[in-house]
Amino acid sequence: PILDKNGNHIFIDKNGNLKDKNDNPILDSNGNPININNKEALNEFLNKNTQNSPEEQLRRQQELLAEAQRQAELQEQMRKKLEEEARKKAEEEMKKLADPTYQALLAKQEEERARRIALAKERELYKSALLGERAEGDSQIFAQQSSRYGDDGFSNQKSIDIATNEHRLYRMIRAGRLIPAVLMTPIVSNIEGIITAQVEQDVYAAQGRVVLIPRGTKVMGFYKNDNKIGQSRLSIVWREMITPQGVNILLTNAVSADSRGINGVEGYLDNKFEQRYGLGLFLNTLSNGLMITISNATQKSGTGANPYTTQLFSNAQGDLNNIFKQLISEQAKIKPTIEIRAGSRIYITPTTHMWFPIPKNGEVMAKYFNDEYN
Numbered sequence: 581p582i583l584d585k586n587g588n589h590i591f592i593d594k595n596g597n598l599k600d601k602n603d604n605p606i607l608d609s610n611g612n613p614i615n616i617n618n619k620e621a622l623n624e625f626l627n628k629n630t631q632n633s634p635e636e637q638l639r640r641q642q643e644l645l646a647e648a649q650r651q652a653e654l655q656e657q658m659r660k661k662l663e664e665e666a667r668k669k670a671e672e673e674m675k676k677l678a679d680p681t682y683q684a685l686l687a688k689q690e691e692e693r694a695r696r697i698a699l700a701k702e703r704e705l706y707k708s709a710l711l712g713e714r715a716e717g718d719s720q721i722f723a724q725q726s727s728r729y730g731d732d733g734f735s736n737q738k739s740i741d742i743a744t745n746e747h748r749l750y751r752m753i754r755a756g757r758l759i760p761a762v763l764m765t766p767i768v769s770n771i772e773g774i775i776t777a778q779v780e781q782d783v784y785a786a787q788g789r790v791v792l793i794p795r796g797t798k799v800m801g802f803y804k805n806d807n808k809i810g811q812s813r814l815s816i817v818w819r820e821m822i823t824p825q826g827v828n829i830l831l832t833n834a835v836s837a838d839s840r841g842i843n844g845v846e847g848y849l850d851n852k853f854e855q856r857y858g859l860g861l862f863l864n865t866l867s868n869g870l871m872i873t874i875s876n877a878t879q880k881s882g883t884g885a886n887p888y889t890t891q892l893f894s895n896a897q898g899d900l901n902n903i904f905k906q907l908i909s910e911q912a913k914i915k916p917t918i919e920i921r922a923g924s925r926i927y928i929t930p931t932t933h934m935w936f937p938i939p940k941n942g943e944v945m946a947k948y949f950n951d952e953y954n
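Here our numbering = 1-based position in the sequence shown + 580.
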C-alpha cells in the first residue's frame with residue numbers, strides 16, 4: 581500500500597488521481613489534484629480540473645467585471661430610453677391639451693361620467709325608497725343637514741310650508757305622535773325639578789316598518805311651578821331620550837299629553853285656600869274685634885269722644901291695616917300644588933319631526949333633519 585507521511589493509505593482511481601480513504605482528491609500546495617504520473621489531474625469526465633488554478637480565478641474575475649460593466653451599460657441605455665419616451669409622451673399631451681377638439685372630447689367624457697353617476701344615485705335612491713330605507717346623501721333635499729354621524733349635535737326642524745318626500749316616512753316619527761311612557765319618579769310641583777319616564781312599548785316609524793325608539797328607553801324632562809288656582813294639569817317638557825343601546829336623542833321641547841292628545845298631565849290639585857286666605861281672614865277678624873273692644877271701653881268710661889284718643893285709635897288702625905295688607909299679599913303668592921304619583925301613564929308628544937338615519941357598523945344613531953330648502 582501507498583502511505584503518506586502520516587501513515588494514511590493513498591488510493592488511485594481509474595484516471596490515476598490520488599485520493600484518500602474518504603475518496604477525496606489529494607491536492608498539492610497550489611490546491612490542484614495530484615496524478616500518479618505527474619500529469620494534470622482529470623475529473624470524472626476526463627476534463628482538465630483547473631477550478632482552483634490562479635489562471636482560472638483571474639479569468640472569472642475578468643468575466644464578472646465585464647458582466648457588471650455590461651449590465652451598467654444596459655441600465656443606462658434603458659434609463660435614457662425611458663426618459664426619451666416620457667419626454668415624447670409629455671409633448672404629445674401638451675399638444676392634445678392645446679387642441680380644441682381634444683378639449684371638447686374631454687368635456688364630453690366628463691359630462692357623460694357625471695350623468696352616469698347621477699343616474700346610479702337616482703336608481704339607488706329609488707331602491708331605498710321601495711325597501712323602506714333611505715340612502716343618505718343621495719338627495720339634494722338633505723344637503724343642508726348640519727348633524728353628522730357619531731355627534732351629539734342635532735339640527736331642529738324650522739317652520740316652512742313645503743311638502744316632504746314620501747320615503748322619509750319610513751324612518752321618521754312625525755310631530756304630534758303619542759309615545760306611551762310611564763313616570764319613574766313622583767311629581768310634587770311646589771318647586772320646579774327634573775322628571776324621568778320610561779317608554780313602555782316599541783315605537784315604530786310613521787309607516788310601521790322599523791323600531792326607532794325601543795321599549796325601555798329613558799326620557800328626561802323638567803316641569804315648573806307656575807300653576808294657577810283651579811289648574812289641575814301640569815306642563816312637562818321633555819328634552820332627551822336615552823335608548824337601551826346608550827344612544828342619546830335630543831328633543832326640542834317635546835310636551836306631555838293624555839290618551840286624547842290634551843296637553844299636560846292631570847294630577848291631584850291642592851289649591852291651598854286655607855294657607856292663602858286663612859291668615860288674612862283671621863287677622864281681619866282680630867282687627868275688627870280689637871277696634872270694637874276699644875270703642876266699647878271708651879263709651880263705658882264716659883269720657884266722650886276725646887280727639888287725642890280718636891287720633892291714637894286711627895293711627896293704630898292704619899298701622900295694623902298696613903301690616904295685615906302686607907301679610908295677606910305675601911300669603912296670596914302661595915301657588916297651588918299638583919301631585920302625580922310614580923307609575924302614572926303619560927304620553928310624550930314631539931313638537932318636531934324626528935329623522936333616524938340607517939344604522940352604520942352596528943351602531944344606532946338618531947338626529948333631527950332640517951326641512952329648510954334653498
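Note that CB positions come from ideal geometry on N, CA and C, so glycine has one too.
None of the values given here were measured: they were computed from a predicted structure.
- Counting other Cβ atoms within 10 Å of its Cβ, residue 873 stays below 16 and is therefore classed as exposed.
- Bridge partners of residue 608 according to DSSP: none are assigned.
- Of all C-beta pairs linking the stretch 773-780 to the stretch 793-804, three or more are shorter than 8 Å, placing the two stretches in contact.
- The C-alpha of residue 915 is placed about 7 Å away from the C-alpha of residue 806.
- Taking the CA atoms as reference points, residue 900 sits about 7 Å from residue 867.
- A straight-line Cα-Cα distance of about 15 Å links residue 585 and residue 599.
- In its chain, beyond the 5 residues on either side, 763, 764, 765, 766 have a beta carbon closer than 7 Å to the beta carbon of residue 922.
- As the crow flies, the alpha-carbon of residue 693 is around 14 Å from that of residue 702.
- With respect to the C-alpha of residue 905, the residue from 862, 920, 926 having the closest C-alpha is 862.
- A Cβ-Cβ contact shorter than 8 Å links residue 759 with residue 927.
- With a cutoff of 8 Å on beta-carbon distance, residue 753 and residue 930 are scored as near each other.
- Between the C-alpha atoms of residue 823 and residue 784 there is a straight-line separation of about 14 Å.
- Its Cα nearest to that of residue 771, the residue 919 stands out among 919, 606, 611.
- Counted as a single uninterrupted DSSP element, the beta strand (DSSP E) harbouring residue 819 occupies residues 816-822.
- Across the set 755, 813, 808, 750, the C-alpha of 750 shows the shortest separation from the C-alpha of residue 787.
- Inclusion of residue 817 and residue 843 in the CB contact set at 8 Å is not warranted, their separation being larger than that value.
- No Cβ-Cβ contact shorter than 8 Å links residue 839 with residue 845.
- Taken through DSSP and simplified to helix, strand or coil, residue 898 comes out as helix.
- By the beta-carbon neighbour count (other beta carbons within 10 angstroms, threshold 16), residue 826 is exposed.
- According to DSSP, residue 836 shares a beta bridge with 928.
- Separation of residue 903 and residue 911 (C-alpha to C-alpha, rounded to the nearest whole angstrom) is 12 Å.
- Per DSSP, the unbroken beta strand (DSSP E) holding residue 798 starts and ends at 798-803.
- Of the residues 698, 603, 593, 755, the one whose Cα lies closest to the Cα of residue 617 is 593.
- Minimum Cα-Cα distance from residue 589 among the listed residues 602, 596, 595 corresponds to 602.
- Here residue 917 is buried, its C-beta having at least 16 other C-beta atoms within 10 Å.
- Residue pairing of residue 688 in beta bridges, as defined by DSSP: absent, with no partner found.
- The alpha-carbon separation between residue 641 and residue 652 amounts to approximately 17 Å.
- Boundaries of the beta strand (DSSP E) harbouring residue 761: 759-763, taken from the DSSP string.
- Around the beta carbon of residue 648, a 10 Å sphere encloses fewer than 16 other beta carbons of the protein chains shown; the residue is thus reported as exposed.
- Under DSSP, residue 590 takes part in a beta bridge, and its partners are 582.
- With respect to the C-alpha of residue 615, the residue from 638, 635, 591, 637 having the closest C-alpha is 591.
- Contact check for residue 814 against residue 841 fails: the beta carbons are separated by 8 Å or more.
- Note on geometry: alpha-carbon atoms of residue 611 and residue 644 lie some 22 Å from one another.
- The Cβ neighbour count for residue 604, taken over all protein chains shown within 10 Å, is under 16; the residue is labelled exposed.
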